[in-house]
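Q: Take a look at the following structure, please.
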Amino acid sequence: MTTLTDKPDTAEGGSTGAQSGSAVVAAVKKRPGALAETGSPLLRPPAAAHLSDEQVAELGRELDAIKDDILAKRGSSDAAYIRRMIKIQRGLEISGRAALLVSKNKAAWVTGTTLLSFAKILENMELGHNILHGQWDWMRDPDIHSTTWEWDFVTPARSWQHTHNDLHHRWTNVVGKDNDIGYNLLRMDPQQEWKPFNLGNPLYNALLAPVFEWGIAVYDLELVDYREGRKSKEALVKDLKALGRKALKQFTKDYAATPAVAMLTGSGKQALYGTLTANAVRNVWAHAVIFCGHFPDGTDTFTEEMVDGETRGDWYVRQMIGSANISGSKFMHLMTGNLSHQIEHHLFPDLPSNRYAEVAPKVQEICRRYGLPYTTGPIWKQVGSTWAKIFRLALPPKKA
Amino acid sequence: MIRLRKLARAASLLTTPLAPEDILSLFNPVFSARQLRGVVTRVVPETADSATIFFRPGRGWQAHRAGQWARIGVELNGVRHWRSYSLSAPAGEDPAITVTDMGAVSGTLVRTTKPGDVLFLAPPQGDFVLPEHPRPLLMLTAGSGITPVMSMVRTLVPHRPDADVVLIHTARTAADAIFREELAELADQFPNFKVTHWFTGERGRLDFSSAAGLDALCPDWRDRAAYACGPEGFLDAAEALWESEAAPGTSDTAATLTIERFSTSLAGGEGHDGGLVTFEASDREVEADGDTPLLDVGEDAGVLMPSGCRMGICHSCLIPLRAGQIRDLRTGEVHGEPGQLIQTCVSAAAGPVNLDL
Numbered sequence: 007m008t009t010l011t012d013k014p015d016t017a018e019g020g021s022t023g024a025q026s027g028s029a030v031v032a033a034v035k036k037r038p039g040a041l042a043e044t045g046s047p048l049l050r051p052p053a054a055a056h057l058s059d060e061q062v063a064e065l066g067r068e069l070d071a072i073k074d075d076i077l078a079k080r081g082s083s084d085a086a087y088i089r090r091m092i093k094i095q096r097g098l099e100i101s102g103r104a105a106l107l108v109s110k111n112k113a114a115w116v117t118g119t120t121l122l123s124f125a126k127i128l129e130n131m132e133l134g135h136n137i138l139h140g141q142w143d144w145m146r147d148p149d150i151h152s153t154t155w156e157w158d159f160v161t162p163a164r165s166w167q168h169t170h171n172d173l174h175h176r177w178t179n180v181v182g183k184d185n186d187i188g189y190n191l192l193r194m195d196p197q198q199e200w201k202p203f204n205l206g207n208p209l210y211n212a213l214l215a216p217v218f219e220w221g222i223a224v225y226d227l228e229l230v231d232y233r234e235g236r237k238s239k240e241a242l243v244k245d246l247k248a249l250g251r252k253a254l255k256q257f258t259k260d261y262a263a264t265p266a267v268a269m270l271t272g273s274g275k276q277a278l279y280g281t282l283t284a285n286a287v288r289n290v291w292a293h294a295v296i297f298c299g300h301f302p303d304g305t306d307t308f309t310e311e312m313v314d315g316e317t318r319g320d321w322y323v324r325q326m327i328g329s330a331n332i333s334g335s336k337f338m339h340l341m342t343g344n345l346s347h348q349i350e351h352h353l354f355p356d357l358p359s360n361r362y363a364e365v366a367p368k369v370q371e372i373c374r375r376y377g378l379p380y381t382t383g384p385i386w387k388q389v390g391s392t393w394a395k396i397f398r399l400a401l402p403p404k405k406a
Numbered sequence: 007m008i009r010l011r012k013l014a015r016a017a018s019l020l021t022t023p024l025a026p027e028d029i030l031s032l033f034n035p036v037f038s039a040r041q042l043r044g045v046v047t048r049v050v051p052e053t054a055d056s057a058t059i060f061f062r063p064g065r066g067w068q069a070h071r072a073g074q075w076a077r078i079g080v081e082l083n084g085v086r087h088w089r090s091y092s093l094s095a096p097a098g099e100d101p102a103i104t105v106t107d108m109g110a111v112s113g114t115l116v117r118t119t120k121p122g123d124v125l126f127l128a129p130p131q132g133d134f135v136l137p138e139h140p141r142p143l144l145m146l147t148a149g150s151g152i153t154p155v156m157s158m159v160r161t162l163v164p165h166r167p168d169a170d171v172v173l174i175h176t177a178r179t180a181a182d183a184i185f186r187e188e189l190a191e192l193a194d195q196f197p198n199f200k201v202t203h204w205f206t207g208e209r210g211r212l213d214f215s216s217a218a219g220l221d222a223l224c225p226d227w228r229d230r231a232a233y234a235c236g237p238e239g240f241l242d243a244a245e246a247l248w249e250s251e252a253a254p255g256t257s258d259t260a261a262t263l264t265i266e267r268f269s270t271s272l273a274g275g276e277g278h279d280g281g282l283v284t285f286e287a288s289d290r291e292v293e294a295d296g297d298t299p300l301l302d303v304g305e306d307a308g309v310l311m312p313s314g315c316r317m318g319i320c321h322s323c324l325i326p327l328r329a330g331q332i333r334d335l336r337t338g339e340v341h342g343e344p345g346q347l348i349q350t351c352v353s354a355a356a357g358p359v360n361l362d363l
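Chains U and D, in that order, are what the protein sequence lines are.
Each residue of the first sequence is one higher than the last, beginning at 7 in this note's numbering.
Each residue of the second sequence is one higher than the last, beginning at 7 in this note's numbering.
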């Protein structure tokens, strides 16, 4: 929330009229980013070029109806779901850390590291990501709320919410607007200009995976925006301080406090390695899942022309054809924090994650009816296709 | 206490980003880092549509004074709702609320609460409390307005031999009169405690239009410090009577009337224009009409709104206004200055409004 400049400046009080004596009425500005009521973007993306404005509007209404249907059903069973998940996650984490306290014993090390890895994955994916999206804000529970939640991930929740919820979800796959296309590190789209630096694409990605949380933390600082003058020095310093505080706490817990307690049983070193491994496992997994969201074959990217004048229906279309799902078992969906339903998540980022599976067949049916791609596949296939793209785009475009 | 805090800080090194309470709550639901909670210990039905709910509060609760109320958070279909309820237990004992089924929230509390349930709490507040020095008292209550007064009676009557209390309680029928048996027993046991039940189903409303009605029930009412609690019409009538009849000019130790209001009618008519409400810190925008309190607008949008009495008296719901104009739903007045703290429970949007939340 550091670069929001679009809020009305009440200190100035652009007085539009003084009522009742000395009361100064501050001007209320309409915030930018609102979607057009009717019409179409300057250019409709190729995959949707066959649709008329009226068809896109109708598609929008159909998707709105799907959302309304879930909102009407949302209630105590959903609340029970997230509370159960939180309990399971905390149970796993406590058991994992407890086992690591005696991890001189090999079986305890394996058990502890496994449990802690699962705990961290659940915490980041099904809890953190979704709660920070505001999926559970409707419960009005301050313990499970997007404004109070903090996660077991280096980047502070508030910084991530800005780059992710606001920038990435609003500008999904728009080259030049959505920096998630390669995270300012990788070349992930042919429209991105090739530089010799990009030859290292696969190498950077391989190095990024095990330390993914640190990559995201640096990404959330928006250093490019700072360099190019879109982010003030004060804002950067503020973000750096917040990151420093968060990172210190995370580091202390995982690499100092837990091993220190484990030293009581002579398991200090093993506990350290166990926690390090769990963090790496979580990082590699989160990296894989998240890269499957928008990079596999079949997902489209967009130009700024394609969002200029975008209506709600066109916005929905962009979310659907710019995202890819992962097929698999219930357990698989849970471990991805339901990001395996990336398409549904991008359509309805604040619907509770436990409802995406129910929505998915309806969305797929709409895509089929309107002749739009609905990209999905098993995880090995999606990961493979993402890596293939990373290799392909390391090389300069072939001269025509 | 200090050692406990140090221990908690040390423990949080291991639990961050969670607080130690978040872990402890797995074992005992009263633990929470953000939210005072209580566990229901006992539920006692009072009448066909009211019940007393006893609870054991977690750390952070303050013992209540007789007559005070507390905000209670209840979950309805997964959504937290807050209402204020008077505490009926005597001061010094475990807290309890007595709730009458009058709507979705109170109905859920009365009908479905069972021991072991978790209630969300805010510490007791309110200045409808007993006088500091002993003096003759008159209690006027109607319907569920008996609740705070019951706490006063239970606190005072059995423990103070010098207590001199007259209670006039009106209810529709004998079956609707909460605490009727207990009050009768207390009156039998303690001669300085007198109870009159007035059943409106049989005798019509208690007439406050002149002093005659009250003179008949409690001839020395002018010499007593009076407390009244009940619906708005009942209280307005009592207030008018005290203003005109309570021996103006006598010393101010007598003839005072202290009032506890339970509801406020929101005047101002309907059909006013609302506007786009922006919750700036939460980054939410909602279209609101001009008759819906901003509190409801925010809650429906999933914003964590502070709230309290929902009738414009407790000021628990104050939020800074950043821009725009609001309408006071009680008076119809349109007002608003940047930076002003507004009561969201009785304010609606009058045009676009930005709030600092």
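Just so you know, even glycine gets a beta-carbon here, dropped at the ideal spot from N, CA and C.
Compute the distance between the beta-carbons of Leu122/U and Gly102/U, then report whether it is under 8 Å.
A: Along the first sequence, read from residue 1 onward, the residue named residue 122/U stands at position 116. Along the first sequence, read from residue 1 onward, the residue named residue 102/U stands at position 96. Yes, Cβ-Cβ distance for Leu122/U and Gly102/U is below 8 Å.
Q: For Ile152/D, name the three-state secondary structure that DSSP assigns.
A: Position 146 of the second sequence, counted from the start, is the residue given in the question as residue 152/D. Three-state DSSP puts Ile152/D in a helix.
Q: Should Leu223/D and Ala234/D be called a contact, given that it needs their Cβ atoms to be closer than 8 Å?
A: Numbered from 1 along the second sequence, position 217 holds the residue referred to as residue 223/D. Numbered from 1 along the second sequence, position 228 holds the residue referred to as residue 234/D. It is not a contact, given that the beta carbons lie outside the stated cut-off.
Q: Does any CB atom of chain D fall closer than 8 Å to the CB of Asp147/U?
A: Position 141 of the first sequence, counted from the first residue, corresponds to residue 147/U. Chain D contact via Cβ: present.
Q: Taking the continuous beta strand (DSSP E) assigned at Cys235/D, which residues delimit it?
A: Numbered from 1 along the second sequence, position 229 holds the residue referred to as residue 235/D. Counting along the chain, the beta strand (DSSP E) containing Cys235/D begins and ends at 231-236.
Q: Got a sec? Which residues, its chain only, sit under 6 Å from Thr169/U by beta carbon, not counting five neighbours each side?
A: Here residue 169/U refers to the residue found at position 163 of the first sequence. These residues qualify, in order along the chain: Asp226.
Q: Closer than 7 Å, Cβ to Cβ, to anything on chain D: give me those residues from the stretch 313-345 of chain U, in chain order.
A: Going along the stretch 313-345 of chain U in chain order, one finds no residue with a Cβ nearer than 7 Å to chain D.
Q: Short check: CB of Pro52/U to CB of Val313/U, under 8 Å?
A: The residue given as residue 52/U occupies position 46 in the first sequence. The residue given as residue 313/U occupies position 307 in the first sequence. Their beta carbons are not under 8 Å apart, which means Pro52/U does not touch Val313/U by this criterion.
Q: How long is the line joining the alpha carbons of Ala33/U and Pro344/D, rounded to whole angstroms?
A: Here residue 33/U refers to the residue found at position 27 when the first sequence is read from its first residue. Here residue 344/D refers to the residue found at position 338 when the second sequence is read from its first residue. Any reading at Ala33/U needs caution, since the residue's pLDDT is 44, under 50, leaving its predicted position unreliable; the model's value is listed next. Roughly 10 Å between the two C-alpha positions.
Q: Going along the chain, which residues of the stretch 72-87 of chain D sit with their C-beta nearer than 9 Å to a C-beta in chain U?
A: The residues in question are Gly79, Glu81, Leu82, Asn83, Gly84, Val85, Arg86, His87.
Q: Near Ala17/D, which residues of its chain fall below 7 Å by C-beta distance, leaving aside the five closest residues on each side in sequence?
A: To locate residue 17/D, count along the second sequence from 1; it is residue 11. Closer than 7 Å at the Cβ level, and outside the excluded window around Ala17/D, lie Pro26.
Q: For Ser90/D, which of helix, strand or coil comes out of DSSP?
A: One-based indexing of the second sequence puts residue 90/D at position 84. Strand, per DSSP.
Q: Could you please give the first and the last residue of the uninterrupted alpha helix (DSSP H) stretch that includes Arg62/D?
A: In the second sequence, counting from the first residue as 1, residue 62/D sits at position 56. Where Arg62/D is concerned, there is no enclosing alpha helix (DSSP H), although the beta strand (DSSP E) it sits in stretches over 56-63.
Q: Could you work out which residues of chain U lie near Ile29/D, taking near to mean beta carbons separated by less than 8 Å?
A: Along the second sequence, read from residue 1 onward, the residue named residue 29/D stands at position 23. In chain order: Arg96, Ile100.
Q: Which residues, in chain order, does the stretch 8-37 of chain D contribute to contact with chain U at a C-beta distance below 9 Å?
A: Within the stretch 8-37 of chain D, the qualifying residues are Ala16, Ser18, Leu19, Leu20, Thr21, Thr22, Pro23, Leu24, Asp28, Ile29, Ser31, Leu32.
Q: Is it buried or exposed, Asp250/D, if we count other Cβ atoms within 10 angstroms and call 16 or more buried?
A: Here residue 250/D is taken as the residue at index 244 of the second sequence, counted from 1. Strictly speaking, residue 250/D in this sequence is Ser, with Asp absent from that position. Answer is exposed; the Cβ neighbour count stays below 16.
Q: Are the beta-carbon atoms belonging to Val163/D and Leu136/D less than 8 Å from one another?
A: Counting from one through the second sequence, the residue named residue 163/D turns up at place 157. Counting from one through the second sequence, the residue named residue 136/D turns up at place 130. No, the pair does not count as a contact, with Cβ atoms beyond the cut-off.
Q: Of the residues Ile72/U, Met91/U, Lys201/U, Ser82/U, which one's Cα is nearest the Cα of Phe337/U?
A: Taking the first sequence and counting its residues from 1, one reaches residue 337/U at position 331. The shortest C-alpha separation from Phe337/U is found at Met91/U.
Q: I'd like to know if Gln68/D contacts chain U, where contact means its C-beta is closer than 8 Å to some C-beta of that chain.
A: Within the second sequence, the letter at position 62 stands for residue 68/D. No, its Cβ sits nowhere closer than 8 Å to a Cβ of chain U.
Q: Since Ala85/U meets chain D, which of its residues come closer than 9 Å, beta carbon to beta carbon?
A: In the first sequence, counting from the first residue as 1, residue 85/U sits at position 79. Correct list: Glu81, Asn83, Gly84, Val85.
Q: Which residues of chain D have a Cβ atom closer than 8 Å to the Cβ of His135/U, listed in chain order?
A: For this step, residue 135/U is matched to residue 129 along the first sequence. Those do not exist, as His135/U stays about 14 Å from chain D at its closest Cβ, beyond 8 Å.
Q: So, helix, strand or coil for Pro164/D, using DSSP?
A: Against the second sequence, residue 164/D aligns to sequence position 158. Residue state, collapsed to three classes: coil.
Q: Does the beta carbon of Ala104/U sit closer than 8 Å to a beta carbon anywhere in chain D?
A: In the first sequence, the residue the question calls residue 104/U occupies position 98. For Ala104/U, the answer is no, since every Cβ of chain D falls outside 8 Å of its Cβ.
Q: Nearest chain D C-beta to Asp158/U closer than 8 Å, yes or no?
A: Looking up residue 158/U in the first sequence gives position 152. Chain D contact via Cβ: present.
Q: Short of 7 Å in beta carbon distance, which residues of its chain neighbour Arg288/U, apart from the five on each side in sequence? Order them along the chain.
A: By one-based count along the first sequence, residue 288/U stands at place 282. The answer, listed in chain order, is Ser123, Lys126, Ile127, Asn130.
Q: Based on the DSSP secondary-structure assignment, which residues constitute the bridge partners of Ser353/D?
A: In the second sequence, the residue the question calls residue 353/D occupies position 347. Asp334/D, per the DSSP bridge assignment.
Q: Taking 8 Å as the CB-CB cut-off, is Arg228/D touching chain U?
A: Taking the second sequence and counting its residues from 1, one reaches residue 228/D at position 222. Arg228/D does not count as touching chain U.
Q: So what does His175/D bridge to, in DSSP terms?
A: In the second sequence, the residue the question calls residue 175/D occupies position 169. Answer is Thr147/D, His203/D, bridged to His175/D.
Q: Find the residues of chain U that neighbour Arg40/D, judging by a C-beta separation of less than 7 Å, and give them in chain order.
A: Counted from its first residue, the second sequence places residue 40/D at position 34. The answer, in chain order, is Pro148, Asp149, Thr154.
Q: Cα separation between Gly341/D and Arg62/D?
A: By one-based count along the second sequence, residue 341/D stands at place 335. By one-based count along the second sequence, residue 62/D stands at place 56. Strictly speaking, residue 341/D in this sequence is His, with Gly absent from that position. So the two alpha carbons sit approximately 43 Å from each other.
Q: Consult DSSP for Trp393/U and reduce its assignment to one of helix, strand or coil.
A: Sequence index remark: in the first sequence, residue 393/U carries index 387 (1-based). Residue state, collapsed to three classes: helix.
Q: Span of the alpha helix (DSSP H) holding Val295/U?
A: One-based indexing of the first sequence puts residue 295/U at position 289. Unbroken alpha helix (DSSP H) run through Val295/U: 274-300.
Q: Would the stretch 36-54 of chain D and the stretch 204-211 of chain D be scored as touching if the rule is three or more Cβ pairs under 8 Å?
A: Segments in contact, no.
Q: Look at Ile332/U and Pro379/U and say whether their C-beta atoms are less than 8 Å apart.
A: Here residue 332/U corresponds to residue number 326 of the first sequence, with the count starting at 1. Here residue 379/U corresponds to residue number 373 of the first sequence, with the count starting at 1. Not closer than 8 Å, so no.
Q: For Glu305/D, tell me which candidate among Ala54/U, Arg146/U, Asn171/U, Phe301/U has the shortest Cα-Cα distance.
A: The residue labelled residue 305/D in the question sits at position 299 within the second sequence. The shortest C-alpha separation from Glu305/D is found at Arg146/U.
Q: Note down, in chain order, every chain U residue with its Cβ under 7 Å from the Cβ of Leu310/D.
A: Reading the second sequence from its first residue, position 304 is the one you call residue 310/D. Ordered by position in chain U, the residues that pass the 7 Å Cβ test against Leu310/D are Arg146, Pro148, His151, Thr153.
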